[in-house]
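Asker:
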Amino acid sequence: MRPPGPISGCSGCDENLRIAFELLCGQLRIFRFIQNRDSVWRKHVLQTDDIDPQWRQVIASHGSGCHLCTLPAGQSKIERPYRWLQDRIVRTCALENLTNLEEVRSVLRDEVDRYNNHQVHSTTSEIPSIRFDNAGKSGISLFRPFSLPKPYTSSKDIFCLREMRTLNGYRRISLFNHEIEVPNVPVHEDVELHLIPDTTKQALEVRVWFENKMVHSFSFPMVVPTVHFLKFE
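Each residue of the sequence shown is one higher than the one before, starting from 3 at the first, in the working numbering.
(1) Spatial neighbours of G65 within its chain, please: CB distance less than 7 Å, with the 5 preceding and 5 following residues excluded, ordered by chain position.
(2) Specify the secondary structure class of G67 as computed by DSSP and reduced to three states.
(3) Just verifying my parser: in three-state terms, what is the DSSP assignment at K152?
(4) So the alpha helix (DSSP H) L134 belongs to, where does it begin and stop?
(5) With C-beta atoms as the reference, is V210 less than 9 Å away from V184?
(6) Beta carbon of V114, beta carbon of T94: below 9 Å?
(7) Could you say which of S149, T155, D192, P153 lies nearest to N170 if we only look at CA atoms?
(8) By the three-class DSSP mapping on this structure, what secondary structure does L169 have?
(9) Taking only three categories from DSSP, how would you classify I182?
(10) Just to check my reading of the structure: L163 and Q56 have Cβ atoms closer than 8 Å, yes? What is that Cβ distance to the nearest angstrom?
(11) Please confirm if D115 has its CB atom under 9 Å from at least one CB of chain C.
(12) Where does L110 sit, in a helix, a strand or coil, going by DSSP?
(13) Please go through the same chain and pick out, in chain order, the residues whose beta-carbon is closer than 7 Å to the beta-carbon of P5, but skip the five residues on each side of it.
(14) Buried or exposed: which applies to I9, given that a residue is buried once 16 or more other Cβ atoms fall within 10 Å of its Cβ?
(15) What's the gap between the Cα of E207 and the Cα of E181?
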């Protein structure tokens, strides 16, 4: 599967993107809310799994499931074949005296290309990329073509951050110290905000949804971002 990448870079998703029916994830806080670990309050309002982190909301929005893994491989403990891949990258950097991230990224890209497109897998006896393409053509793949679920019309509403706000008596909401008027929504109603950061323009696009309809959109500069958006290559 070609991964959707960071949230800020998903607006250009095309029809060739394939999505998994189910995903297996670990116990990191990006995947799961755990009461005793992820809350600083002594009197807990939310219990474990009472709230979905942003990542799980994105997964659910396009209809995929998520299962939490309790096995060692899902707890950041790397089994032997993959640890060998990590060792290979570290040894290459040491032998070639690579010291900065840009140089190391080139090694990582080469290793990923070698493993996916050239190396015969020891278990399947096939090259992974060829095996994956053949599975898709024969209809036995656990991945499906990406399509926008209703009522969404843009991938921006899938790969985004989500917030809820309640309109005050003046049909306004507050977001990052900005007062925004939201038309066509009754007072004291809840609206869902889809936040799409654009790190190249240092701007934040906000799309306001109410009762499965987008009722408003606006953007403002990210002067002091509250979240650090990383760009992965």
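We treat Cβ as the ideally placed atom computed from N, Cα and C, and that holds for glycine.
Answerer: Reading it off the structure:
(1) P151
(2) strand
(3) coil
(4) Per the sequence shown, the amino acid found at residue 134 is Phe instead of Leu. Segment 130 to 140, the alpha helix (DSSP H) holding F134.
(5) yes
(6) no
(7) D192
(8) If DSSP states are grouped into helix, strand and coil, L169 belongs with coil.
(9) The answer is strand: DSSP assigns I182 an E or B state.
(10) 6 Å
(11) The question asks about chain C, but that chain is absent: this structure has only one protein chain.
(12) helix
(13) Note that P5 scores 35 on pLDDT, short of 50, meaning its location in the model is unreliable and no value can be drawn from it.
(14) Note that I9 scores 49 on pLDDT, short of 50, meaning its location in the model is unreliable; the coordinates nonetheless yield the value given after this. When all chains shown are included, I9 counts as buried.
(15) 15 Å
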